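Here is the structure we will look at, set down as structure tokens.
Residue numbers (our numbering): 685 to 1232.
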């Protein structure tokens, strides 16, 4: 089977014809050979029957001899004359020899009658008369093929022709009666039969050639059309609009109908795939636009968070200065208790320090208000980011649904859409965490503002008391004691404020880091959407190879 699969169908059909012709020719030759043998057997049977007839004729005259109607000599003479005149098949004849090889009667060679032919030599082989006499003596009746002269020729001279002779032994007279036919006539009839048989075989061969050509053409032509159509789809222009002739009820017509159905189904599938690719490209473009907008928003958010971090650092430095000044004021108050003179000088410096403290506290209040305002702005930006993340999540969900509709070709897009949805969820979660941090920051900022306002009020009170101390030194001791208490409160408040500001600074730094990660995620989303667009374009390019 594997060997036949390497041969074309047209060649296989011609191989069938060759095998059939070889079988037909072999059968013809076998039949002709059988016919030749049958003709030969028929000639042997015919000659045998003829010599049996001659044997019956001799028996008739022998019976008359026994009855006394004829003498032995007369009976033999009349019997030989009767045989001399017998003819069949034209010029075929009988002859008679005795068992001593003497020719007793030969109608066409009377000169041999009475002649001992035991020493007869011919140019065509051995002494056939002697051979037949010997065979008749031993087996009674038989046949023999030999070469003999044609009628009218001289025995022993010239080339003979093939002859089939039958003979029988007539024992009462010790005669051998023989007759024969020239096989040239038989061969001529056989050749006629051969020519007729070969003519019939030639006609059959021509009919088989014509039938095979027509049948082979009806098979190979549709098959070649299918092969060319499939080859064009696989390696050519991918023409799916080409249809095959499906007229007929044979398997090739069914194959053509199935091919047409297949190309129609494939054409519909490719059209649907093309529509899905276009939708994928459109969705990726929308996702790219959204990602770009989100990236710009994240960039602005990151910049503002950096500014906020810088402002918080400045607030930290200011709070540290306030703490240092408060400690210095406490030291000055203690020193004021040591002496009035020193107290007056210290009061003057204290007034200056308190004024500076009031200015720093005012600055801190301003920064705290700015920080509170920035925190509100950050909360607004976070709301925008949350909305963008929700929209990105929704778009990623829609993209996953479209990828599921696209089947196998949309699997890669589904993975990207899932990653985009996860990134959007992470962004939303991070935004909520940042919003929570900003809420705490606003709360702490408001607390710091209240503390600083209180510190500012205490500072103003300290200024009034110091002025009063300048007017009345006798009240310095009481004022100094009260001022020590106030400075302790200021130091405690500034210490708490420093801690709060450090927390705010840390939270703002984390918010800036989250903003940077969100920016990177938005950039990855943009790259993924661009990659998705390239995949859609590749799918469109592959679909463009087919003509639908």
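Just so you know, even glycine gets a beta-carbon here, dropped at the ideal spot from N, CA and C. Nothing here was measured: the structure is a model prediction, and the numbers come from that model.
Query: For residue 732, the three-state DSSP class (helix, strand or coil); Result: helix
Query: Residue 779 (DSSP reduced to helix, strand or coil); Result: strand
Query: Proximity to residue 785 [Cα-Cα], best of 793, 799, 774 and 792; Result: 799
Query: Local conformation of residue 929 per DSSP, three classes; Result: coil
Query: Member of 1087, 963, 903 and 987 whose CA lies at the smallest distance from the CA of residue 697; Result: 903
Query: Residue 867 versus residue 810 - alpha carbon distance; Result: 19 Å
Query: Every unbroken beta strand (DSSP E) inside the region 692-723 [3 residues or more]; Result: none
Query: Residue interval of the alpha helix (DSSP H) (run including residue 756); Result: 756-769
Query: Unbroken alpha helix (DSSP H) run spanning residue 817, endpoints; Result: 812-823
Query: Reference residue 883, options 745, 1180, 708 and 1186, closest by Cα; Result: 708
Query: Collapsed DSSP secondary structure at residue 1100 in the structure displayed; Result: helix
Query: DSSP state of residue 994 mapped onto helix, strand, coil; Result: helix
Query: Range of the contiguous beta strand (DSSP E) that encloses residue 861; Result: 859-866
Query: Distance between residue 716 and residue 710 (C-alpha atoms, nearest Å); Result: 10 Å
Query: Per-residue DSSP class, three states only, for residue 797; Result: coil
Query: Three-state secondary structure assigned by DSSP to residue 790; Result: coil
Query: Check whether residue 928 and residue 910 have beta carbons under 8 Å apart; Result: yes
Query: Given 8 Å, three or more beta-carbon pairs between the region 815-827 and the region 741-757; Result: no
Query: CB of residue 1202 within 8 Å of CB of residue 1114, strictly; Result: yes
Query: Contact under 8 Å by Cβ, residue 944 with residue 930; Result: yes
Query: Identity of the residues DSSP links to residue 772 by a beta bridge; Result: 776
Query: Residue nearest to residue 1105 in terms of C-alpha spacing, selected from 854, 1084, 1091 and 1077; Result: 1077
Query: Segment contact, 8 Å Cβ cut-off, at least three pairs: the region 959-979 with the region 933-949; Result: no
Query: Own chain, CB closer than 8 Å to residue 720, minus 5 neighbours either side, in chain order; Result: 874
Query: Under 8 Å between C-beta atoms of residue 1086 and residue 964; Result: yes
Query: Cross-strand partners of residue 848 (DSSP beta bridge); Result: 829 and 865
Query: CB of residue 1111 within 8 Å of CB of residue 981, strictly; Result: no
Query: Cutoff 8 Å; reference residue 705; Cβ partners in own chain excluding five residues on either side; Result: 889 and 892
Query: When 956, 826, 948 and 992 are compared against residue 1093, the one with the closest alpha-carbon; Result: 956
Query: Whole-Å CB distance - residue 1107 paired with residue 1208, under 8 Å assumed; Result: 7 Å
Query: As assigned by DSSP and simplified to three states, the class of residue 934; Result: coil
Query: Residue 690 versus residue 919: straight-line alpha-carbon distance, rounded; Result: 22 Å
Query: Same chain, Cβ closer than 6 Å to residue 932, five either side skipped, listed in chain order; Result: none
Query: Option in 960, 1155, 1197 and 758 with minimal Cα separation from residue 1091; Result: 960
Query: Residue 1126 vs residue 1056 beta-carbon contact at 8 Å; Result: yes
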